[in-house]
Structure formats: C-alpha cells, structure tokens
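Enquirer: The following block contains the structure, expressed as structure tokens.
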Amino acid sequence: MSKSKLIAISTAALLLVAGAASAEDLVFNLKNGTNSVLTRFYTSPVGVDKWEEDVFGQDVLNPGETIEITIADGREVCEYDMRFEFSDDSDLDTTTDTQNLCELGDYTIHE
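Sequential numbering of the sequence shown, starting at 307, is according to the numbering used here.
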C-alpha cells in the first residue's frame, strides 16, 4: 500500500471518529424563567444513582438569562435527570425533572 493511500485512509478514519464524538454531544438552551438566581445545575443519565458535577461551575444563571448547555459526556443516551438549585435567599425549592435531551432544543425552568 502506498504511503499517500495509507495517509488518506488514516485521515478518513480520524474524521469518522471525530464526527461520531461530536454527534454524541447534547446541546440545548436553558432559560431561567424564575425570579431567583439559579446557582447550580446538575444532570445525570436516568438510572445513575448520583448527580454528575455542577454544569455551571462558578457561574450562575440570573432571572431571565439563557445559556447554551453542552453535555459531552460520551454516553449514547438521551434521557437525563436534571436538578436545579437556587440561591439561599430564594423561596424556591430544589427542583428536578427528566427530559430527552436528544430532542430538547430549549428548556425554561419556571417557578
């Protein structure tokens, strides 16, 4: 096999792997439709017994704001549990929900 043909095959294989990895990323817009600051947002595939790390990290989502969320955990599942935690001065309780993130384009958390 010629060197140029081997390079072409290797490049095609890398592109296929890269394409498959990005196809697994789940992307949606999260809007805070409450009057409270959303301080923490956790996701976890349905059936997993503990929450993954906080998606926001050091950030928060203020009332009325929208953020694009990307879940790139490499899993090939669509059903995720979500957990929303609000600032200490809020009168809102922690809220949970389950959604098919493969089909979700936008999600608004309401009071």
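The beta-carbon is built from N, C-alpha and C at its ideal position, and this holds for glycine as well. Keep in mind it's a predicted model, so treat the numbers as computed, not measured.
1. According to DSSP, which residues form a beta bridge with P351?
2. In whole angstroms, give me the CA-to-CA distance for I375 and P369.
3. Nearest CA to the CA of Y386: which residue from D403, L398, D397 and L367?
4. For N406, write down the residues that DSSP places opposite it in a beta bridge.
5. Going by DSSP in three states, F362 sits in which element: helix, strand or coil?
6. K337 by DSSP, collapsed to three states: which one?
7. Is the beta carbon of F392 less than 8 Å from the beta carbon of V343?
Expert: According to the structure shown:
1. In the DSSP output, where bridge partners are listed per residue, P351 has Y386.
2. Cα to Cα, I375 sits roughly 16 Å from P369.
3. It is D403.
4. Beta-bridge partners assigned by DSSP to N406: E385.
5. The answer is coil: DSSP assigns F362 none of H, G, I, E or B.
6. Strand at K337.
7. Going by C-beta atoms, F392 is nearer than 8 Å to V343.
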